[in-house]
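**Q** The following block contains the structure, expressed as structure tokens.
2 protein chains.
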Amino acid sequence: MSANSRFAVSVHILAYLAYEHARAVPSAEIASSVDTNPVVIRRLLSALVKNQLVEAYKGAAGGFRLARPANAISLLDIYRAVEPAPSHGMNRFTPNHRCPVGAKIEEVLLGVFSKAQAGMEAELLRVRLSDVERQLHAVCPGRRT
Amino acid sequence: MSANSRFAVSVHILAYLAYEHARAVPSAEIASSVDTNPVVIRRLLSALVKNQLVEAYKGAAGGFRLARPANAISLLDIYRAVEPAPSHGMNRFTPNHRCPVGAKIEEVLLGVFSKAQAGMEAELLRVRLSDVERQLHAVCPGRRT
DNA sequence: GACATATGTAACCATCGATGTTACTATCCG
DNA sequence: CGGATAGTAACATCGATGGTTACATATGTC
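Each protein sequence line maps, in turn, to chains A and B.
Just so we're aligned: the first sequence equals residues 16 to 160 in my numbering.
Just so we're aligned: the second sequence equals residues 16 to 160 in my numbering.
See the structure below:
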């Protein structure tokens, strides 16, 4: 995946909004739960709003709400909303094209990364925000009801 | 995956060694193909040697060779040899445990990341170094032989 | 044995990306 | 009006990564 925490924090944000689905939640409250600065939260929410996963309300008594039910949001939706296109290190990778290996390796690696990425995204698609919410509610010790 | 180029460069290195399988190749020659410093190459080769994918020969006429045939090395072997354990951003993610969401979200996210990682690694396991080598030899334009 | 050629690795530096922070504007509710 | 909130630009900080130099160690060739 990537080395940043955008996806992790974003899932946290949306899980919080699912948990507090009855009202508009201000960024400062979410920031308290994530333990970071409200601006960091608003930056991520900006991307989530643009991708229509969340609705924003300005002004007093404003805040954020889920734009859809939690079972209609997959973790892949979240991932694609907040993660930049993965470079897989190919940006800093500029091999010597005069070498027979260096000339073609980039193309081959792009194919490999594409498959690996697809494998990962397929798993994210299977998990919905409602699954995350259910796990948050579950009682920890023991599994027998 | 990760933002660094270790995996991409390492696949290049091993593809080069597969291409020049008949002799021991010095790090400076590989560095020329990758277009970087020989020390960078040796650092990665150090990890590859430790994981028994490559054999190193010191001294004059020394260099590096594949330790096994190219069809006995998967890209997952390479990935695990040179990539540090993926953090998925969880290192910088320290939510407020006094919040019901913050208290459990880490555990839930670890499960999600574990599945996503497994999906990606399953694809890397399917590709062998010999597949990469074959694609390097393939003629570019057109697919009809 | 001397020497040239390699690896192995530590140490340091420059650069870049991600995150945190401040500050300000625009907007909305009461 | 006035308080609360989103939206966003600008800047600072920090860590990871990659590049570079330096040097010790090992080895084949003469």
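Glycine is no exception: its CB is placed at the ideal position from the N, C-alpha and C atoms.
For M135(A), collect the residues of the same chain with a Cβ closer than 6 Å to its Cβ; drop the 5 residues on either side in sequence, then sort them by chain order.
**A** Hits under 6 Å: none found.
**Q** Curious, which full-length beta strand (DSSP E) runs of at least 3 residues does the segment 52-134 of chain A contain?
**A** Segments of the beta strand (DSSP E) lying fully in the segment 52-134 of chain A: 69-72 and 78-81.
**Q** Please go through the same chain and pick out, in chain order, the residues whose beta-carbon is closer than 6 Å to the beta-carbon of Y163(A), but skip the five residues on each side of it.
**A** Nothing about residue 163(A) can be reported from this structure: the residues present for chain A run from 16 to 160 only.
**Q** Would you say R80(A) reaches chain B, if we count a Cβ-Cβ gap shorter than 9 Å as a contact?
**A** So no, R80(A) is outside the interface.
**Q** Alpha carbon to alpha carbon, what distance is there between L68(B) and A82(A)?
**A** Each residue's alpha carbon lies about 50 Å from the other.
**Q** Give me, in chain order, the residues of the same chain whose beta-carbon lies closer than 6 Å to that of R159(A); leave out the 5 immediate sequence neighbours on both sides.
**A** Note that R159(A) scores 47 on pLDDT, short of 50, meaning its location in the model is unreliable and no value can be drawn from it.
**Q** Can you find the residues in the same chain that come closer than 7 Å, C-beta to C-beta, to L91(A), ignoring five residues on each side of it along the sequence?
**A** The answer, listed in chain order, is E136, L139 and L140.
**Q** Could one say the Cβ of S20(B) lies closer than 9 Å to chain A's Cβ atoms, at least one of them?
**A** Yes, its Cβ sits closer than 9 Å to a Cβ of chain A.
**Q** Starting from the Cα of L29(A), find the closest Cα among M16(B), V116(B), D146(B) and V147(B) and give me that residue.
**A** Minimum Cα distance to L29(A) is reached at V116(B).
**Q** Show which residues of chain B have a CB atom less than 8 Å away from the CB atom of A62(A).
**A** Chain B residues near A62(A): none, gap ~15 Å exceeds 8 Å.
**Q** By how many angstroms is the C-alpha of A131(B) removed from the C-alpha of P53(A)?
**A** Distance between the alpha carbons of P53(A) and A131(B) is about 29 Å.
**Q** Between P84(A) and chain B, is there a C-beta pair that is closer than 9 Å?
**A** Taking Cβ atoms only, chain B never reaches closer than 9 Å to P84(A), which makes this a no.
**Q** Compute the Euclidean distance between the alpha carbons of L125(A) and L63(B), then round it to the nearest angstrom.
**A** Roughly 22 Å separates the two Cα atoms.
**Q** Quick check: the Cα distance between A23(B) and M16(A), rounded to an integer number of angstroms?
**A** Their Cα atoms are separated by approximately 15 Å.
**Q** If you drop the 5 nearest sequence neighbours on each side, which residues of the same chain put their C-beta closer than 6 Å to that of F71(B)?
**A** Checking the sequence, you will find Ala at residue 71(B) rather than Phe. Within the same chain, A71(B) has close Cβ partners V64 and F79.
**Q** What does S48(A) reach in chain B if we use C-beta pairs closer than 7 Å?
**A** Correct list: P110, N111, C114, V116 and G117.
**Q** Note down, in chain order, all residues in the segment 24-37 of chain A with a beta-carbon under 7 Å from any beta-carbon belonging to chain B.
**A** Listed by position along the chain: V24, V26, H27, A30, Y31 and Y34.
**Q** For V49(B), which of helix, strand or coil comes out of DSSP?
**A** Looking at V49(B) - three-state DSSP - the assignment turns out to be helix.
**Q** Of all the CB atoms in chain B, is at least one closer than 9 Å to the CB of V106(A)?
**A** Note on residue identity: the sequence assigns Asn, not Val, to residue 106(A). It does: the Cβ of N106(A) has a partner Cβ on chain B nearer than 9 Å.
**Q** Looking only at its own chain, which residues have a Cβ that is under 8 Å from the Cβ of R143(B), when we skip the five neighbours before and after it?
**A** These residues qualify, in order along the chain: A85, N86, A87, I88, S89 and L90.
**Q** Is it buried or exposed for S42(B), if we count other Cβ within 10 angstroms and need 16 for buried?
**A** Flag for S42(B) reads buried.
**Q** Any beta carbon of chain A sitting closer than 9 Å to that of Q132(B)?
**A** Output row for Q132(B): interface = yes.
**Q** Under a CB-based cut-off of 9 Å, is S42(A) close to chain B?
**A** It does not; no Cβ of chain B falls within 9 Å.
**Q** Determine, using beta carbons only, whether R58(B) comes closer than 9 Å to chain A.
**A** Closer than 9 Å: no.
**Q** Output needed for E98(A): all residues of its chain with C-beta closer than 7 Å, excluding positions within five of it in sequence on either side, in chain order.
**A** The residues are S17, R21 and F22.
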